[in-house]
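Numbering (mature numbering (1 follows the signal peptide of the UniProt record, and there is no 0)), first residue to last: -22 to -1, 1 to 584.
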């Protein structure tokens, strides 16, 4: 009984430990509704943690920064609820700011509707973004459960109620925007350059028209989600003044925001915008608003009478939440002051440094290195007697092409770091493969400097090492180029780029296979011809030997036959002698029968 009781007690303890052990990793979806940790203890009554929000009102599509702070804590569960029904389902969704500290949960079948801790490490502050849905209630309240220790926790700590203000709706535009005044009265940015928003649905259009101390902004483009532009001090996202037109439920919401790094924009108050209007027709979204040139005391709003790089981007939006732009933003080539003289400019979806990087890598690893390999592999016997500057011509050409490959690779390798200002964590495996290729490209010529003499025993090892490193570098370089083509910085056509690259690789591989086949066939032909000559010589020898043996056999056969017949050939003292025996002494009794016949008559007898 003691053993049985101990076993039952151990099982209950293990189950309890297993149940509790799930909490340090934040997977607490079973507590979404009540927000109560099932620790078996009573919660604390006086909260020591605070919830603060970045703005006190919101509209559908807004993104509000929510901050949880206070005494060190290990776990938490944050949700937004309808302030008039706190026991109802979660409202809206969250976006993480630091994914190493927090994680999203799916509560009530709403993805990202709650946030919890990722580990049991102590924290004093957690920040996330809350995305207001299009069907938000009139009043929203944030609730959080905080766990300091297993026995010490607080349930549903409330935050300030955030109301949904009643604002006059934006007016509807009655006609499309016109590009006729671009360069005369309007400062215009268009993609493609000189496109017309009145006639082309795919035309992305942005214009600024100064009117005394304010600027009228017009933006037009495809209505697949949202359109946005940003004013930036550099060509990188971060610390920028941005404006969005978001298409949601047959309505366009015009929203100012600011960017903090390469993350979701933080929505700001619309109080700085006037005369907002929008239009949705035939798959085209257009929006306009007026903004003062200077806004003293307003945080995150730039003065418009200063030069900036201008970004134009578009992407998908759903339920008030915007997603990453579908392609690299259009960025002006230089800084512009939109309140200065009207201009008609364009931009590029890819940066010149990245284009040069891709072009140099392509030339190096699709052209020079491939030709260099072909020369060393297949032209060595062809140019065996040609020399240039004291070395074999094929070797000089091979060395020149390989040094060119290394030089182009080194130059191209530096350009992304100059553009990015450091390492890029958003480029996937491409930079890692590029570093491997760069290392091998530098090691190859260094290894070639220590090449042993032709008949040195180490020459075979050098040849294999040199070939292996070169082949590995070519394969990894091709893989890196395929991955690099998909990065948004180059903005290459989706399908044509892959087919073009496959065509180049297939052409080079096919060329090497054809040349290798021809080389092997030629070697086989020489070997076959040599074997055929040997077989022919053997056949001729056998024929000569056979003829010789036949003649030799015939000689002895005739000799023996005539010799035997000579005994009996005596025609009245007349015998025809065909051949004379070597030794007459062998048959002395036949001498009288042997005569020599010459010129048809009997000359003499022996």
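Ideal placement from N, C-alpha and C gives every residue a C-beta, glycine not left out. In this text the structure is predicted, and so the values were computed from the model without any measurement.
Helix, strand or coil: how does DSSP classify residue i here?
i           : result
residue 336 : helix
residue 49  : strand
residue 141 : strand
residue 407 : coil
residue 256 : strand
residue 74  : strand
residue 427 : helix
residue 388 : helix
residue 223 : strand
residue 420 : helix
residue 558 : Below a pLDDT of 50, predicted positions are generally treated as unreliable, and residue 558, at 46, falls in that range; the measurement from the model is reported next regardless. Coil.
residue 615 : With the chain covering -22 to 584 only, the question about residue 615 has no answer from this structure.
residue -1  : For residue -1, the predicted structure reports a pLDDT of 45, less than 50, and the residue's modelled location is therefore unreliable. A value from the coordinates is still provided. If DSSP states are grouped into helix, strand and coil, residue -1 belongs with coil.
residue 491 : helix
residue 127 : coil
residue 169 : strand
residue 301 : strand
residue 282 : coil
residue 348 : helix
residue 107 : strand
Report buried or exposed for residue i, applying the criterion of at least 16 other Cβ atoms within 10 angstroms of its Cβ.
i           : result
residue 477 : exposed
residue 548 : At residue 548 the pLDDT is 42, less than 50, meaning the model places this residue with poor confidence and gives no usable figure here.
residue 410 : exposed
residue 34  : exposed
residue 66  : exposed
residue 453 : exposed
residue 94  : buried
residue 445 : exposed
residue 567 : Only weak support exists for where residue 567 lies, its pLDDT of 49 falling under 50; the value from the coordinates is given anyway. Classification for residue 567: exposed.
residue 38  : buried
residue 75  : buried
residue 259 : exposed
residue 212 : exposed
residue 252 : exposed
residue 246 : buried
Taking the alpha-carbon of residue i as reference, which of the options has the nearest alpha-carbon?
i           : options            : result
residue 587 : 410, 21, 196, 386  : Past the edges of the chain, shown from -22 to 584, lies residue 587, and the structure says nothing about it.
residue 61  : 134, 83, 106, 55   : 134
residue 90  : 103, 97, 110       : 110
residue 319 : 188, 482, 172, 177 : 188
residue 329 : 92, 468, 483, 138  : 468
residue 304 : 76, 280, 466       : 466
residue 226 : 300, 331, 444      : 300
residue 24  : 130, 488, 433      : 130
residue 341 : 247, 386, 278      : 386
residue 84  : 138, 11, 77, 119   : 11
residue 343 : 388, 321, 158      : 388
residue 392 : 277, 434, 426, 333 : 333
residue 295 : 349, 222, 351, 482 : 222
residue 32  : 96, 271, 236, 157  : 236
residue 219 : 407, 231, 88, 206  : 206
residue 118 : 128, 137, 100, 125 : 137
residue 417 : 455, 354, 248, 433 : 455
Straight-line CA distance for residue i to residue j?
i           : j           : result
residue 266 : residue 308 : 19 Å
residue 201 : residue 113 : 20 Å
residue 293 : residue 421 : 44 Å
residue 384 : residue 79  : 43 Å
residue 256 : residue 57  : 33 Å
residue 244 : residue 106 : 11 Å
residue 400 : residue 491 : 41 Å
residue 370 : residue 459 : 33 Å
residue 285 : residue 185 : 15 Å
residue 486 : residue 356 : 14 Å
residue 123 : residue 47  : 12 Å
residue 424 : residue 464 : 33 Å
residue 484 : residue 338 : 20 Å
residue 438 : residue 361 : 22 Å
residue 326 : residue 311 : 7 Å
residue 479 : residue 367 : 37 Å
residue 282 : residue 209 : 9 Å
residue 64  : residue 13  : 11 Å
residue 585 : residue 430 : Absent from the structure is residue 585, since the part of the chain shown begins at -22 and ends at 584.
Assuming residue i and residue j make a contact with CB atoms under 8 Å, what is their CB distance in whole Å?
i           : j           : result
residue 54  : residue 108 : The pair is not a contact, with the Cβ atoms about 15 Å apart (cut-off 8 Å).
residue 264 : residue 155 : 6 Å
residue 168 : residue 324 : 6 Å
residue 331 : residue 396 : 6 Å
residue 50  : residue 102 : 6 Å
residue 120 : residue 157 : That belief does not hold up - the Cβ atoms of residue 120 and residue 157 are roughly 45 Å apart, past 8 Å.
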